[in-house]
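Those sequence lines, one after another, are chains A and B. For the first sequence, the numbering used here gives the first residue as 173, with consecutive numbering after it. For the second sequence, the numbering used here gives the first residue as 173, with consecutive numbering after it. Built from N, CA and C at the ideal position, the CB exists for glycine as well. Okay, so here's the structure we're looking at.
Protein chains: 2
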Amino acid sequence: MAQAEAVGPLDESVGYGLKRAAAALRTTMDAALRSLDLTVPQYACLELIARHPGLSNADLARGAFVTRQSMNLVLRGLQDRDLVARPATAPRGRALPSRLTPAGEELLAAASAAVRAVELRMLAPFSAAEQERLLHDLATCVRALAPDA
Amino acid sequence: MAQAEAVGPLDESVGYGLKRAAAALRTTMDAALRSLDLTVPQYACLELIARHPGLSNADLARGAFVTRQSMNLVLRGLQDRDLVARPATAPRGRALPSRLTPAGEELLAAASAAVRAVELRMLAPFSAAEQERLLHDLATCVRALAPDA
DNA sequence: CGTTGGATGTCAGCGTGTTGACACGCAGAA
DNA sequence: TTCTGCGTGTCAACACGCTGACATCCAACG
Chain A
173 MAQAEAVGPL DESVGYGLKR AAAALRTTMD AALRSLDLTV PQYACLELIA RHPGLSNADL
233 ARGAFVTRQS MNLVLRGLQD RDLVARPATA PRGRALPSRL TPAGEELLAA ASAAVRAVEL
293 RMLAPFSAAE QERLLHDLAT CVRALAPDA
Chain B
173 MAQAEAVGPL DESVGYGLKR AAAALRTTMD AALRSLDLTV PQYACLELIA RHPGLSNADL
233 ARGAFVTRQS MNLVLRGLQD RDLVARPATA PRGRALPSRL TPAGEELLAA ASAAVRAVEL
293 RMLAPFSAAE QERLLHDLAT CVRALAPDA
């Protein structure tokens, strides 16, 4: 390596720090979920359905920060594994509300525990008040960038 | 939409907030750089080279959180546009130190200003001390997840 | 000195995600 | 009522990024 990883001018950027933290979290989550044969988008999909039963494909896509098409593929994979269930016909409009199967709930319980362990490790250096403050600061960043979100 | 975007149990997760903030930043940066015909990885590559001249492809890849192969493609695209220059032969080992061309420095100046404007907008609600604190908190998260980083 | 290990650049192959487009269904305005 | 706009689900085509692999080069060690 031609340059040391030492504190450089770039580490002073909050945007770079944000990306670094998100990348580290993503990598760690991926490693934690690998033993359950789940990718991060798949886990996010399950978690979203569990917290908001009846969510549509488009809603899930927005919640997981991917396109509808990608979420559609994720959803199909989860359906093939009998982890989520969607009605064949739309009860209202075109949206197909997704729900977890018992197997899905069971797998999610394990996955959620693994992810929570990761988050706990990330937040270990912080007090409860500091965690709350960090959460609030991140939400403020989002609001400043996308007021309509 | 079957469910409102209201404050749900998921918004209490710091990990989710982190991903949301990173996604919002990424989207906003992408929009700001589109007029300069630059993608976020391309901008990151230019910025890294500018701050650490002589960086190798592998170093750039680590700094931009992508693989060497992806960064190699980015680097070629920038070379084809005469924005960065790399020697044909390695002066030492196999690493080819990258440097900005005058055109690259010029374009980077505009891109850097655009990105700084985005970051300023994101950080507008924060005081200088709060910005510093947020930056420190993010670095702490990274350290907790990847002690060797 | 020879050899082992680590690091780099590059190639092929594949999976994934995205952009673009289309058909369908609801709600509101003319 | 009709029609326009919007949201949704789905398909095809493309581009991007990653995994795996290989050859090369330096450093360190026996």
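Enumerate, from N- to C-terminal direction, the unbroken alpha helix (DSSP H) stretches of 4 or more residues contained entirely within the segment 243-297 of chain A.
Here the runs fully enclosed are 274-295.
Is it buried or exposed, Gly265/B, if we count other Cβ atoms within 10 angstroms and call 16 or more buried?
exposed
Classify Ala316/A as helix, strand or coil using the three-state DSSP reduction.
helix
In chain order, which alpha helix (DSSP H) runs of at least 4 residues are fully inside the segment 174-223 of chain B?
186-206, 212-223
When the cut-off is 7 Å and only beta carbons count, does Ala176/A lie next to chain B?
Confidence is the limiting factor: at Ala176/A the pLDDT is only 40, short of 50, which leaves the residue's position unreliable, though a coordinate-based value still follows. For Ala176/A, the answer is no, since every Cβ of chain B falls outside 7 Å of its Cβ.
By the criterion of Cβ-Cβ separation under 8 Å, what are the contact partners of Arg240/A in chain B?
Here the premise fails: no neighbours, minimum Cβ distance about 13 Å.
For chain A, is any of its Cβ atoms less than 7 Å away from the one on Met173/B?
Note on Met173/B: pLDDT 43, under 50, position unreliable in the model; the coordinate value appears next. Yes, its Cβ sits closer than 7 Å to a Cβ of chain A.
Once you ignore the five residues that flank Pro225/B on each side, which residues in its own chain have a CB closer than 7 Å to its CB?
Arg271
Looking at C-alpha atoms only, which residue of Ala204/A, Gly189/A, Arg223/A is the closest neighbour of Glu277/A?
Arg223/A
Three Cβ pairs or more, each shorter than 8 Å: is that satisfied between the segment 210-218 of chain B and the segment 305-314 of chain B?
no
Per-residue DSSP class, three states only, for Leu227/A:
DSSP, read as helix, strand or coil, puts Leu227/A in coil.
How big is the Cα-Cα spacing for Gln303/A and Arg253/B?
45 Å
Chain B within 7 Å of Gly172/A, Cβ atoms only:
Any answer about residue 172/A is impossible in this case: the structure gives chain A only from 173 up to 321.
Against chain B, with Cβ distances strictly below 7 Å, would Met243/A count as a contact?
no
Using the Cα positions of Ala316/B and Leu295/A, report the straight-line distance between them to the nearest angstrom.
8 Å
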